[in-house]
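The block underneath contains the structure these notes are about, expressed in structure tokens.
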Amino acid sequence: METDTDIPLRNLPDESTCNVVIIGGGPAGSSAAFWLASNGYSVILAEKKLFPREKTCGDGLTPRAVRQLTDMGLETSLASFHKYFGLRTRAFGKELTLDWPKIPGLPEYGYVITRYDLDALVLENAKAAGARIWQGCEATEVSTTEDGVSIQIKDKQRDTYISVKADYLLIADGSNSRIGRSMDVKRDRKLPFALAIRGYYTSSRSHDPYIESQLDIYSHDGTLLPGYGWIFPLGDGRVNVGIGLVSTMAKWKEVNTTHLLDTFVEQTPASWGLGEKNRLSEPTGGKLPMGMSNAPLSGHRYLVAGDAAGLINPFNGEGISYAYESGRLAASVLSKAVRYDNPSELTEYQSLLDLHYGRYYKVARLFLQLMGKPNLLRVLISTGMNSKTVMSILLKIMANLMTDEDIGIAETIVKTAQKLTEAIPG
Ligand SMILES: Cc1cc2nc3c(=O)[nH]c(=O)nc-3n(C[C@H](O)[C@H](O)[C@H](O)COP(=O)(O)OP(=O)(O)OC[C@H]3O[C@@H](n4cnc5c(N)ncnc54)[C@H](O)[C@@H]3O)c2cc1C
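Quick note: the sequence shown uses our numbering, first residue 434, plus one each step.
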């Protein structure tokens with residue numbers, strides 16, 4: 434990120450005017466607000482909810498996400514939360530414990546933190562950096578002109594409307610992205626997405642130093658499903674338990690995720706002590722737009738980041754890190770556009786996203802197509818579970834903790850599997 438102390442910012446006549454208005458105070462919006470405000474730009478972030486607020490999520494942060502939080506100066510604030518060191522994975526009666534790999538520039542640990550706590554922390558950090566945070570304020574309408582952007586915001590507590598004028602807009606309003614859709618950002622319907630559901634339970638293993646995943650999950654008729662179940666320990670007496678499924682399978686529309694979660698909970702190892710009696714609240718679910726499935730991600734005077742851009746990692750359903758990263762990339766591009774008073778700078782954003790994620794997401798999307806074939810899925814998982822080395826490589830691939838060379842290996846593996854499925858019908 435460049436700084437620009439020597440270049441004067443434009444005059445900003447009143448308090449509802451700014452360089453960049455951001456819609457949404459989740460990971461994408463708060464990260465962008467932090468980076469823009471830290472570099473001296475004037476930012477208004479409108480968030481429709483009052484923080485801290487619940488957000489349906491698995492609450493799992495990988496080393497990639499921790500790196501982003503550290504870069505935002507938040508490492509010491511994380512210390513009171515639950516740190517974990519890798520993944521315990523189970524399938525077909527086997528179990529492997531895999532540590533996070535050693536990767537230059539990344540920690541060898543992650544955290545499990547509720548979004549209730551995490552998002553409030555990151556939003557507060559953006560405020561401390563100088564961003565104006567308007568909570569309880571919902572953006573209802575956006576229009577762009579040659580000179581700037583005009584946003585209608587409903588202050589829900591006062592029941593009044595405020596009109597904000599800005600040079601640029603960042604849309605970071607999450608997976609449903611009403612504002613993104615109003616600006617004609619569309620999901621490519623040929624590409625898969627995922628559905629996930631989670632609930633909180635009490636467990637005596639809440640301090641477990643590993644997160645856990647179950648790779649063989651089944652529908653009521655015994656079909657192996659493309660997805661996984663998880664138990665993520667929060668270190669405070671609770672665990673986050675959930676299940677995620679990809680839309681590449683046959684009979685996708687018949688799946689009832691609530692029933693699947695109940696079945697998964699019943700089958701978790703007894704040592705976690707999970708059951709209906711220690712469920713803390715009704716499970717909630719959501720849709721995961723994945724693999725850079727949305728477009729266009731830039732337009733005249735606006736950019737789109739995080740889930741609104743469809744940036745979740747298709748391999749593992751991780752979206753927090755990609756929201757922080759895309760918010761940061763968007764901030765760098767928006768800074769230049771403001772500084773040079775040149776909206777055409779925004780076209781660089783898509784190239785940056787392609788550079789960071791293009792090749793990886795292409796491989797991931799291929800992988801998802803393969804996952805929709807239960808027989809192949811069974812062979813791949815059961816073969817992998819025989820070797821800790823293979824599963825450690827897979828963990829690296831799935832969490833996107835790779836070098837360019839590693840992506841080449843992943844590409845070869847997925848393409849070979851694809852050729853096999855074409856050669857062996859059924
Ligand atoms: C069940 C489930 C489990 C998941 N588990 C994980 C996990 O363990 N790890 C992980 O990394 N990812 C996980 N994800 C994905 C992750 O939750 C998202 O990728 C992440 O929240 C994206 O951040 P975001 O900032 O783009 O959007 P969000 O976090 O959705 O934030 C968008 C914000 O915009 C606000 N907003 C919306 N519309 C408006 C408006 N008009 N005006 C003002 N404000 C508005 C919303 O209130 C919200 O606060 C999971 C998702 C689900 C559904």
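Quick reminder that beta carbons are idealized off the backbone N, C-alpha and C, glycines included.
Secondary structure of L531 (DSSP, three-state): strand.
Short of 8 Å from the beta carbon of E571, and not among the five residues preceding or following it, lie these beta carbons of its own chain, in chain order: A479, K481, I586, K587, K589.
Measuring C-alpha to C-alpha distances from L809 to each of G760, T656, S765, P666 identifies T656 as the nearest. Residue state for T656 is assigned as coil, using DSSP reduced to three classes. DSSP places Q700 in the helix class (H, G or I) of the three-state scheme. Relative to the Cα of Y594, the nearest Cα in the group R614, I745, G569 belongs to G569. Counting along the chain, Q568 sits inside the beta strand (DSSP E) bounded by residues 565-568. With at least 16 other beta carbons inside 10 angstroms of its own, T690 counts as buried. DSSP, read as helix, strand or coil, puts K619 in strand.
For V812, the enclosing alpha helix (DSSP H) stretches over residues 807-817.
For S754, the enclosing alpha helix (DSSP H) begins and ends at 753-772.
By the neighbour-count definition (other C-beta atoms within 10 Å, threshold 16), L779 is a buried residue. Excluding five sequence positions before and after S680, the CB atoms of its chain that fall closer than 8 Å to its own CB belong to P625, F626, A627, L628, given in chain order. Distances from the alpha-carbon of A461 to those of P807, T701, S759 put S759 closest.
When only Cα atoms are considered, V453 and P485 end up about 24 Å apart. Between R712 and P776, the CB-CB gap reaches or exceeds 8 Å. Distances from the CB of G718 to the heavy atoms of ligand 1 include at least one below 7 Å. A straight-line Cα-Cα distance of about 35 Å links Y757 and F525.
In this structure, the beta-carbon distance from N727 to G708 does not fall below 8 Å.
Your pair F748 and M831 checks out as a contact, with CB atoms roughly 4 Å apart and the cut at 8 Å.
Between ligand 1 and the CB of T489, the shortest heavy atom gap is smaller than 7 Å.
By the CB criterion at 8 Å, S768 and N472 fall inside the cutoff.
Our two residues, L736 and S704, have alpha carbons roughly 47 Å apart in a direct line. Note that the region 514-523 touches the region 665-679; at least 3 beta-carbon pairs, one per stretch, sit closer than 8 Å. Contact holds between the region 629-646 and the region 518-533, because three or more Cβ pairs, one in each stretch, are under 8 Å apart. Assignment of F800 by DSSP, reduced to helix, strand and coil, places it in the helix class. For Y790, the secondary structure class from DSSP, reduced to helix, strand or coil, is helix.
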